[in-house]
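Here is the structure we will look at.
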Amino acid sequence: MFFTKNLAVLTLAALFLLLLSGCRLGRPLAKIRDKVAERKENRPSEVTAVPSSDQADQPVAAQEANRPEAAAAPPGTLGNVSSIVWSADFETGDLSQWAVNNTFKTIEADSGKCSRPKRGVTTEQAHSGQYSMKMVIDATRKAGCRQFRKPEVDTGKPYYYSAWFYIPEAVQVGTFWNIFQFKSNGDDSDGSDVFWKLEVRNDPDGTMRIVPVWKGPIPGPHEGDGIDTHLYYQNLTSIPVGQWFHLEVYLKQSENFDGHIMVWQDGIEILNEQNVRTKYPGGNQGWSVNNYGEGLKPTPTTLYIDDVAISTERLGPLPGFTRQ
Ligand SMILES: [Ca+2]
Numbered sequence: 003m004f005f006t007k008n009l010a011v012l013t014l015a016a017l018f019l020l021l022l023s024g025c026r027l028g029r030p031l032a033k034i035r036d037k038v039a040e041r042k043e044n045r046p047s048e049v050t051a052v053p054s055s056d057q058a059d060q061p062v063a064a065q066e067a068n069r070p071e072a073a074a075a076p077p078g079t080l081g082n083v084s085s086i087v088w089s090a091d092f093e094t095g096d097l098s099q100w101a102v103n104n105t106f107k108t109i110e111a112d113s114g115k116c117s118r119p120k121r122g123v124t125t126e127q128a129h130s131g132q133y134s135m136k137m138v139i140d141a142t143r144k145a146g147c148r149q150f151r152k153p154e155v156d157t158g159k160p161y162y163y164s165a166w167f168y169i170p171e172a173v174q175v176g177t178f179w180n181i182f183q184f185k186s187n188g189d190d191s192d193g194s195d196v197f198w199k200l201e202v203r204n205d206p207d208g209t210m211r212i213v214p215v216w217k218g219p220i221p222g223p224h225e226g227d228g229i230d231t232h233l234y235y236q237n238l239t240s241i242p243v244g245q246w247f248h249l250e251v252y253l254k255q256s257e258n259f260d261g262h263i264m265v266w267q268d269g270i271e272i273l274n275e276q277n278v279r280t281k282y283p284g285g286n287q288g289w290s291v292n293n294y295g296e297g298l299k300p301t302p303t304t305l306y307i308d309d310v311a312i313s314t315e316r317l318g319p320l321p322g323f324t325r326q
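Every position in the sequence shown, counted from 1, becomes a number in the numbering used here once 2 is added.
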C-alpha cells in the first residue's frame, strides 16, 4: 500500500518535471522558428545588383548599414538601391505601393477608353517577380491611363525617375503616344499642362524610338525661346518589341531657366538639356508614367510597366540585363 502510494507520488512528480522542461524547451524552439522565418523574409532575390563604383569600394557591411529603411525594393531588384527613396515592383499583387495616406484617388488619372485589370496588375509579363502594371487604351480617340506619384516630386528636389516598360507588339503611332511625363499646374484651374514628356515615335520603316519632347505652354525651354514644341529626335537606340526596356530621367526642377533634364534608355544617354524650365513660375510639378495616346495601331494598345523607382542617384538598367 505504502509502496503504491509512493509510486503514485513519484509518477506525479516526474510528470510535473517533464511538463516544466517541455515548457522551457518550447521557448527556444519557438525562437529558432521565428529566426528561420525572419531569414527567409530577408533573403535577397536571386538577381544580384552590381554596386556602383562608389559602393564597390565599400565593404558589404558598410553598404548594408548605408541602406535606408525606406528602400522598399528587395536588394538586387534594382541597381543602386541605397539611393532609392520610393519604388514599386507590384509584387504586392496590386497598386498599393503607390498609395499615399491609404488612398489612390490622386494617383490614377485615367481618361477616355483606358482599361486596367482588377487590382491594376497582371502576371502576363513581369520584369521582377510575378507582377507588372498593365495599362490598355483604345486609342482610336485620345485615351490615357496615367499613374502619378506625388510625395517626392512635390518636394521640388532633384531626383532620378525610372521605370521598366514592355510593349508587346510593334505600334504605329498616329497622333501621339506619351509614356512618361512631367506636368505643372498653371494659373488656369482646369488641371495641369505637360512640360516635358517621353513620346514613342516611328522611323519611316516603323522602328519605334523614344523622343523627348518639350511641350511647355509658356516660352522655353531655354531663355529667349518662344512658345513652341521642341522634339529631340535621336537614333542612338530604338525600342525593342516584346522585351523590357529601361527609361530613367534626371529632373532638376525650375520655374526659371536653371533646371536640368537628362534621359537614358537602357543606360544610353539620349537627352541632356541644361538651363531649362520644367514648370510654371509659382507652379508645382507632377510626374506620371502612362499609356496615353491617340491614333495608335493596333488598338487597343497595351503597355506593361514594372520596377518604377525614384532615387537620388542614377540606378541604370539592371546589370546583366540583355535583350534576347
Ligand atoms: Ca514586378
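All residues carry an ideal CB built from backbone N, CA and C; glycine is no exception.
Span separating the alpha-carbon of residue i from that of residue j
i, j, result
"Asn293", "Gly226", "33 Å"
"Asn204", "Glu257", "32 Å"
"Ile181", "Asn82", "24 Å"
"Gln60", "Ile307", "The predicted position of Gln60 is uncertain, since its pLDDT is 39 and thus under 50; a value taken from the coordinates is nonetheless stated next. Straight-line Cα distance between these residues: approximately 32 Å."
"Asn104", "Phe178", "33 Å"
"Leu305", "Gly285", "30 Å"
"Thr301", "Val213", "21 Å"
"Ala311", "Arg143", "30 Å"
"Val291", "Arg148", "6 Å"
"Ala101", "Thr239", "34 Å"
"Gly122", "Tyr234", "32 Å"
"Val155", "Leu249", "17 Å"
"Phe259", "Trp266", "22 Å"
"Cys116", "Gly297", "14 Å"
"Gln245", "Gly208", "17 Å"
"Arg211", "Pro242", "9 Å"
First through last residue of the beta strand (DSSP E) which encompasses residue i
i, result
"Glu250", "246-254"
"Phe150", "145-150"
"Ala90", "86-90"
"Gly176", "174-187"
"Asp308", "303-313"
"Gln267", "261-267"
Nearest residue (CA-CA) to residue i, options the options
i, options, result
"Pro160", "Met264, Met135, Thr239, Asp112", "Met264"
"Glu126", "Ala90, Ile169, Ala101", "Ile169"
"Glu275", "Asp207, Trp198, Val175, Asn237", "Trp198"
"Trp99", "Gly269, Gly208, Ile241, Phe150", "The question names Trp, but residue 99 in the sequence shown is Gln. The candidate whose alpha carbon is nearest that of Gln99 is Phe150."
"Gln255", "Lys120, Tyr162, Ala141", "Tyr162"
"Asn277", "Leu253, Met210, Gly288, Leu200", "Leu253"
"Asn237", "Val202, Gly318, Tyr282", "Val202"
"Pro206", "Val138, Val173, Asp230, Gln287", "Val173"
Bridge partner(s) assigned by DSSP for residue i
i, result
"Phe167", "Phe247, Ile307"
Inset, instruction - Specify whether the segment 180-188 and the segment 221-235 touch according to this definition: at least 3 beta carbon pairs, one from each stretch, less than 8 Å apart. - result: no
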